[in-house]
Each structure stands twice: as C-alpha cells, then as structure tokens.
Amino acid sequence: MDLGIDGDAALVTASSSGLGKASGRALAAEGADVVLNGRDEKRLEAAVADVSDDAAEGATVIGHAADLTDPEAIERLIERTVREFGGLDHLVTSAGGPPAKSFRETTDEEWYDAFDQLVMSVVRTVRAAVPHLEANGGGTIVTIASVSVKEPVEDLVLSNSVRAGVLGLEKTLSTELAPEIRANAVLPGTHETPRVEALVEQGVEDGRFDSYEQGMNEWAREVPVGGIGDPMDLGRVVAVLSSPRSGFISGAAIPIDGGEGASTF
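With the working numbering applied, the sequence shown has no gaps in its numbers, which climb one by one up to 550 at the end.
As structure tokens, then:
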C-alpha cells in the first residue's frame, strides 16, 4: 500500500537507536524526508547511514544532535528540520526510559528528572512544532510511550507513573489541535531494543535471572505471538498513523505488544 507520505517532512526525536530509529526507517522507506535525533553524535551518524540505506529513492535522511531536556536545543532542532525540508508534516516523539527502580529507592530528584525527560521533552517539542505543522496545512503527531501506562511493570515505577502524563497530553492534543493535526500514541511492549537489553542485564545483576539468555527467554515467553518484537513492527505502525490512510484515527493509544497485555482498554 502506498501510504501517501512521499516527499513529506518528518522529525523523529530520540531516534539514534531502538524504536525511534525504526520509526524513522519506516517513514523514510515510504519516501518521507526524515530528521533523526539523538545526543550521541557518533551513534546518530551511524543511524543516519543505516536508515538512509533503506530509504526510498529521493528521500533524504539527516541527523541533528540535541538534548531533549534543553528547551533551546529543541527549538534549534525544529528550526533545522524546517530549514532543511521547507516545513514539517509529521512529528514522532520518543524518549529513552528512566532507570529501573522500586518506589522505595526512588529519590525526588529522579522523579523530577523522569518528568523532564518523558513529559516536558514532548511538551516542548510539540509546542515548537505545532506552528509549522499548521503552516503546512496540518499534519500528525505520534508519541511513542509504553504499555506500562496500562499495566505497570515491576520495578519501573518512574516509567509506569510518569509516562501516563504523556497519554493525557496526547489525548488532549487530539481535540485541541483538531481537525488540522491528528495526535496518536503507540504503546510498545517487549521489543529487541537497547532498553530491553539493559533491563535484562539489570535483572541479572539483581539476581532475578541467572543469565542474560535466561532473562531474554523469560521476557519472550510472556508474548503470545511468540518471541520478542522487531522494532520495525512498531515503526511500520507509526508510518501508517502518520499517513492519510489513517485519517480517521486520532486520540488513540495503540498497544504494539504481541498480545502480551491483558488489559481490554
């Protein structure tokens, strides 16, 4: 299916690896011009080369390093996107997960840091992007959150709690910015990403798993469709939600979890 986004301009934040990178790859494969973002310039450069290899003919992929906890850096990121591509049609927001912690061991500073990382980064990016989305006649916002907003994950109190604020923001945007801009969220479950690898390694250190291999097998065993998800499974959904083919979908929060979750809502 032609998604109808060939030649569109897209920005994907926190996209030098993992699910953000997969989203950028899926958009570029459909012909969109894409700005990838990350803090580590070397890893970002490698991601741009990798995503460019899979991009449709004529699609351009560039990288812009920026710390998403820095408001001025976010402004420069949006300005660079608009300058390079002449506008902005699609925004995909992503952010790395906060550290795995229980409630009792989490400090006030870690709560504030998680809110800045997960919520305020999205608030500031959307605030800077909306005028450009509107100037192009409208567009889309897709937020990559987590299934933990529906079903809390053990020892992830920060992600479980703070990411829920992103869902409230996304739902509010879907009405306040309508009809010109559609806003949706995807809720990834277990995918083969650096984040999941880090959580499994933490589980080995904590004694919950005897080995890395056992930990990965335990995570995979919980997924009814079998195995851990490929990041592109989520990336392709992001591309569809960014396209006119999903023009009647807005305000949705879609689990991409292989049936792992038990929630009906």
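The beta-carbon is built from N, C-alpha and C at its ideal position, and this holds for glycine as well.
{"Check": "State the Cα-Cα distance for the pair Asp440 and Gly536, rounded to the nearest angstrom.", "Outcome": "29 Å"}
{"Check": "Give me the residue from Gly520, Phe533, Glu545 with the minimum Cα distance to Val508.", "Outcome": "Glu545"}
{"Check": "Output the distance between the C-alpha atoms of Ile426 and Ala414, rounded to the nearest integer angstrom.", "Outcome": "9 Å"}
{"Check": "Is the separation between the beta-carbon of Ser406 and that of Leu304 shorter than 8 Å?", "Outcome": "no"}
{"Check": "Under 8 Å Cβ to Cβ from Val408, same chain only, skipping five residues before and after it: list those, please.", "Outcome": "Leu454"}
{"Check": "Output the boundary residues of the beta strand (DSSP E) element that contains Asp318.", "Outcome": "318-323"}
{"Check": "Tell me whether Asp542 is buried or exposed, calling it buried when 16 or more other Cβ atoms sit within 10 Å of its Cβ.", "Outcome": "buried"}
{"Check": "Can you say whether Lys306 is buried or exposed, counting buried as having 16 or more other CB atoms within 10 angstroms of its CB?", "Outcome": "buried"}
{"Check": "CB-CB under 6 Å to Glu360, same chain, minus the five flanking residues each way: which ones, in chain order?", "Outcome": "Ala413"}
{"Check": "Could you tell me which residues DSSP puts in a beta bridge with Arg328?", "Outcome": "Paired residues: none, contrary to the question."}
{"Check": "Using the C-alpha atoms, what's the distance from Arg530 back to Val235?", "Outcome": "With the chain covering only 286 through 550, there is no way to say anything about residue 235."}
{"Check": "Quick one: is Glu315 buried, meaning 16 or more other Cβ sit within 10 Å of its Cβ, or exposed?", "Outcome": "buried"}
{"Check": "Check the C-beta distance from Ser302 over to Gly520 and give it rounded, since I have them as a contact under 8 Å.", "Outcome": "Contact flag wrong, Cβ pair sits at about 12 Å."}
{"Check": "In the DSSP output, which residue or residues are listed as bridge partners for Ala294?", "Outcome": "Asp318"}
{"Check": "Measuring CB atoms only, is the segment 456-469 touching the segment 417-424, in the sense that at least three cross pairs come out at less than 8 Å?", "Outcome": "yes"}
{"Check": "Where do the ends of the beta strand (DSSP E) carrying Ala350 lie?", "Outcome": "346-350"}
{"Check": "At what residue ranges does the segment 390-450 contain a whole run of the beta strand (DSSP E), taking only runs of 3 or more?", "Outcome": "424-429"}
{"Check": "Closer than 8 Å by C-beta to Phe550: which residues in its own chain qualify, once you throw out the five before and the five after it? Chain order, please.", "Outcome": "Lys435"}
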